[in-house]
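This report concerns only the one structure given below.
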Amino acid sequence: MVNDELRKKTQETANQLFGKGIKMDPPYLTWKEFDRDLANDLSLFITGNLYSRTVLSLPERQMAACAMLAALRATDELKLHVNAALNVGCDPRKIAEIFFQLATYAGMPAVNEALHVYQDVLRERGEWPIK
Numbered sequence: 145m146v147n148d149e150l151r152k153k154t155q156e157t158a159n160q161l162f163g164k165g166i167k168m169d170p171p172y173l174t175w176k177e178f179d180r181d182l183a184n185d186l187s188l189f190i191t192g193n194l195y196s197r198t199v200l201s202l203p204e205r206q207m208a209a210c211a212m213l214a215a216l217r218a219t220d221e222l223k224l225h226v227n228a229a230l231n232v233g234c235d236p237r238k239i240a241e242i243f244f245q246l247a248t249y250a251g252m253p254a255v256n257e258a259l260h261v262y263q264d265v266l267r268e269r270g271e272w273p274i275k
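Taken in order, the sequence shown gives residues 145 to 275; the numbers are from this note's numbering.
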């Protein structure tokens, strides 16, 4: 049985990350269509336990997530996490810099894809061009 404190922490963290900005369905909704209980367990673990840890701040955690997703060329997830990074106060110029850093490790196609995703998110949020 999951305690109320974990559920509350999960919801608070999810709201900080995904509560504003672009409108897109989170992966949780797809997971839930296949297995509601497993979807809840994954959400509680990822958002309630992992993302709410304080070793890394939410902005640091989101910048790491953006770098990894961009390197993996996981563009749908990247869109979600770029938006979350902006929601928790990541500097837009630093996010772009992270994507340029990919050139050395993942190649220019990954850089280009990441920048296109980033630009789409910024446009959708009404924040393009970067100031």
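We put the CB at the ideal spot given by N, CA and C, even for glycine.
Source: prediction; values computed, not measured.
Return the chain-ordered list of same chain residues with a C-beta closer than 8 Å to the C-beta of Asp-264, the five sequence neighbours on each side being excluded. Contacts found: Lys-223.
Go ahead and label Phe-243 buried or exposed: buried means 16 or more other beta carbons lie within 10 angstroms of its beta carbon, across all protein chains shown. The residue is buried, with at least 16 neighbouring Cβ atoms inside 10 Å.
Counting pairs of Cβ atoms below 8 Å between the region 231-246 and the region 187-204, do you hit three or more? With contact defined as three or more Cβ pairs closer than 8 Å, the region 231-246 and the region 187-204 are in contact.
Alpha helix (DSSP H) segments (min. 4 residues) lying fully within the region 219-248: Qualifying alpha helix (DSSP H) stretches, in chain order: 219-231.
Under 8 Å between the Cβ atoms of Ala-229 and Gln-206? The Cβ atoms of Ala-229 and Gln-206 sit closer than 8 Å to each other.
Can you tell me the Cα-Cα spacing of Gly-270 and Ala-247, whole angstroms? Our two residues, Gly-270 and Ala-247, have alpha carbons roughly 27 Å apart in a direct line.
If you run the structure through DSSP and keep just helix, strand and coil, what is Gly-251? DSSP places Gly-251 in coil when its eight states are reduced to three.
Let's test the definition: count the other Cβ atoms within 10 Å of the Cβ of Leu-266 and tell me whether it reaches 16, buried, or not, exposed. With 16 or more Cβ atoms within 10 Å of its Cβ, Leu-266 is classed as buried.
Status (buried if at least 16 other CB within 10 Å, exposed otherwise) for Ile-239: By the neighbour-count criterion, in which a residue is buried when 16 or more other Cβ atoms sit within 10 angstroms of its Cβ, Ile-239 is buried.
Given a cut-off of 8 Å on the beta-carbon distance, is the pair Ala-209 and Ala-254 in contact? The answer is no: Cβ separation not under 8 Å.
Buried/exposed call for Gly-192, threshold 16 Cβ in 10 Å: Looking at its Cβ environment, which holds 16 or more other Cβ atoms inside 10 Å, Gly-192 is buried.
What residues in its chain sit with their C-beta under 6 Å from that of Glu-221, if we drop five residues either side in the sequence? The beta carbon of Glu-221 lies closer than 6 Å to those of Leu-213 in the same chain, with the five residues before and after it left out.
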